[in-house]
Every structure is written in C-alpha cells, then in structure tokens.
Amino acid sequence: MSALRDELLYPELEDFDECPYCGIGEPTTLDHYLPKEEFPEFSVLSTNLIPVCGVCNSNYKGRIWIKNGNRLFLHTYYDQFPDEYLLEASVTVTNKVVINFSTIFVAAEPYFCNIFNHHFDKLCLNKRYKRKASAEIIRKRRSLERVYRRNNSANDISNFLREEANGLEIDYSKIIGKLFYIELCQTQ
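Going by this note's numbering, the first residue of the sequence shown is number 28, and it counts up by one from there.
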C-alpha cells in the first residue's frame with residue numbers, strides 16, 4: 028500500500044504540484060473518491076485514490092459524495108472537461124479591489140456543469156480563489172506600480188495584465204490565474 032501511495036502522490040510527471048480538486052493546494056494525501064466505509068472493495072483501487080490537498084480532503088469534501096443520485100465532485104481520472112470556460116472572474120475596483128469567481132453553465136454539458144457547480148460550492152472554491160487572487164495582486168503590486176508610473180496609463184496596466192494572462196498555460200490548475208488577469212485587465 029505504501030508503494031501505491033507514493034506512486035500516486037509523487038508521480039514522475041511535470042506540473043504535478045497542484046491538487047486536482049482545487050488547482051491551488053499541494054497534493055499531500057489520498058482521497059477515496061468512493062468512501063471506503065461504503066465501498067471497502069475499492070479502498071485500495073488506484074483509480075479510487077486521488078492525490079489531493081489536505082484542505083479539500085479534510086475540511087470540505089468529507090464522506091458525502093452523492094446526493095439525490097447525483098455526484099457532488101468531479102472524478103479527475105474519468106471526467107472530461109469541456110473546451111469551454113467553466114469559471115468566470117469578476118473584479119470591481121473602487122477604493123478596494125473586490126474579486127469573485129463563479130461557475131458558468133455550458134448548455135451543451137448540463138450533467139458535467141451540475142457536478143462542476145457542486146464541486147465548486149462544496150470545496151468553497153470562490154473563497155479560496157479570492158484569497159489566492161488577492162495574494163497575486165500583492166505579489167504583483169510593485170510591477171503594476173512600475174508599469175503605471177511609466178505613462179500614468181491604465182491601458183499600460185491592462186496590456187501588462189493581458190501579457191501575464193497569455194503567459195499562463197491553459198490547464199485546470201492555471202485557469203484561475205488566467206481568468207483573474209483577463210478580468211482585471213478589462214476592469215478600469
């Protein structure tokens with residue numbers, strides 16, 4: 028079991044440093060997608076063991092995985108993400124920056140979108156992404172100030188943020204930052 032655990036938690040893959048449930052935490056534990064109490068026969072099945080961060084596994088997911096016959100969480104080995112964006116970011120700038128993330132319903136994928144919406148809500152991803160985006164603003168603050176001081180231009184900041192967004196790879200773990208930068212550069 029220890030060898031299986033190590034193989035799942037520490038695969039020899041590039042870019043395997045984010046939790047597949049949230050895209051922001053480091054995978055440090057294995058989640059039994061189907062609870063071992065209900066499905067002991069799957070307790071050591073590798074496709075039932077998903078490497079996740081402790082926050083997703085302990086604080087939010089728990090043992091409830093299905094409600095009214097519908098799954099509440101994505102299965103990262105089996106679910107196929109549609110090509111469309113499933114999240115949107117909104118940024119409002121007044122005397123402070125207010126950031127929100129929300130799910131987008133894709134009409135062609137109602138079943139997947141329902142699961143994705145439950146997943147997003149149950150793992151408190153809006154709150155967690157807002158915290159991550161705020162940290163990103165703080166990290167980029169000096170760069171943003173430097174860009175603005177060059178010409179005192181909000182357009183320069185928009186262009187800088189657009190370049191930052193375009194520099195991010197399009198994958199689940201980077202999409203949060205990409206959406207955030209795109210929305211932020213459109214907010215004046």
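Don't be surprised by glycine CBs; every beta carbon is placed ideally from N, CA and C.
Bear in mind that the values here come from a model prediction, so they are computed numbers and not experimental data.
- As a beta-bridge residue in DSSP terms, S129 pairs with E115.
- A Cβ-Cβ separation of about 5 angstroms places G81 in contact with T56 under the 8 angstroms criterion.
- The shortest CA-to-CA distance from H146 to any of L171, L114, E172, K63 is the one to L114.
- Scanning its chain for C-beta atoms nearer than 6 angstroms, with the 5 sequence neighbours on each side dropped, one finds around N127 the residues S117, in chain order.
- DSSP places P78 in the uninterrupted beta strand (DSSP E) bounded by 76 to 79.
- Around the beta carbon of N84, 16 or more other beta carbons lie within 10 angstroms, which makes this residue buried.
- The way I'd put it, the segment 142 to 156 does touch the segment 86 to 106; three or more beta-carbon pairs between them come closer than 8 angstroms.
- For the pair P137 and N144, the Cα-to-Cα distance works out to about 10 angstroms.
- For L57, the enclosing beta strand (DSSP E) begins and ends at 56 to 59.
- DSSP places C140 inside the alpha helix (DSSP H), whose first and last residues are 137 to 149.
- Straight-line measurement puts the Cα of I51 at about 33 angstroms from the Cα of R177.
- CA-to-CA, the gap between E111 and V133 works out to about 7 angstroms.
- Between Y60 and H102, the C-beta gap is smaller than 7 angstroms, which places the two residues in contact.
- With respect to P62, V79 sits apart: the two C-beta atoms are not nearer than 7 angstroms.
- Taking a contact as a CB-CB distance under 8 angstroms, the pair V125 and I164 does not count as one, their CB atoms being some 11 angstroms apart.
- DSSP, reduced to helix, strand and coil, places K94 within a strand of the structure shown.
- Going by beta carbons, R98 and I142 fall inside the 7 angstroms limit.
- With a cutoff of 7 angstroms on beta-carbon distance, Y104 and T130 are scored as not near each other.
- Around the beta-carbon of I93, fewer than 16 other beta-carbon atoms lie within 10 Å, marking it exposed.
- Taking the CA atoms as reference points, F69 sits about 35 angstroms from R158.
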